[in-house]
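Novice: Position 73, counted from 1, in the sequence shown is what this note's numbering calls 772; the numbers after and before it change by one each time, with no gaps.
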Amino acid sequence: METRTCIKERRSMRKFTEQEVSDEQLHELLEAVRWSPSWANTQCWEVVVIKDQARKEQLAAMLSEKNPATKGVVQAPLVLVICAR
Numbered sequence: 700m701e702t703r704t705c706i707k708e709r710r711s712m713r714k715f716t717e718q719e720v721s722d723e724q725l726h727e728l729l730e731a732v733r734w735s736p737s738w739a740n741t742q743c744w745e746v747v748v749i750k751d752q753a754r755k756e757q758l759a760a761m762l763s764e765k766n767p768a769t770k771g772v773v774q775a776p777l778v779l780v781i782c783a784r
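Here it is in structure tokens:
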């Protein structure tokens, strides 16, 4: 897929199934993050993987109720939190 097409056709998902994300799929996602470009290869981010339901609920509680992602954080099988470092 061409980059421009990929960018133009991207969508934000807010409904999730209860289907688990396999360790292999998670590894692929984290590898994509690891290989993402950054200025001078600084990789100035950390990725926190949250699978625990109680932790997802704590994270959702920090978001505004008006934020459309709040419900999705709780419903998603896992959440990747990207933190600047």
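Cβ coordinates follow ideal geometry from the N, Cα and C atoms, glycine included.
Bear in mind the structure is a predicted one, so any value in this text is a computation, not a measurement.
(1) In angstroms, rounded to a whole number, what distance separates the CA positions of V720 and V748?
(2) If you measure between the beta carbons of P767 and E717, is that distance less than 9 Å?
(3) By how many angstroms is the C-alpha of K755 removed from the C-alpha of K714?
(4) So, helix, strand or coil for C782, using DSSP?
(5) To the nearest angstrom, report how far apart E723 and S763 are at their CA atoms.
Specialist: Result, derived from the coordinates:
(1) Locating residue 720 in the sequence shown gives position 21, counting from the first residue. Locating residue 748 in the sequence shown gives position 49, counting from the first residue. Each residue's alpha carbon lies about 11 Å from the other.
(2) On the sequence shown, residue 767 is found 68 positions in, with the first residue counted as 1. On the sequence shown, residue 717 is found 18 positions in, with the first residue counted as 1. Contact flag unset, no.
(3) Translated into the one-based positions of the sequence shown, residue 714 becomes position 15. Translated into the one-based positions of the sequence shown, residue 755 becomes position 56. In this model, K714 and K755 are separated by some 15 Å (Cα to Cα).
(4) Taking the sequence shown and counting its residues from 1, the one referred to as residue 782 is at position 83. Three-state result, C782: strand.
(5) Taking the sequence shown and counting its residues from 1, the one referred to as residue 723 is at position 24. Taking the sequence shown and counting its residues from 1, the one referred to as residue 763 is at position 64. So the two alpha carbons sit approximately 32 Å from each other.
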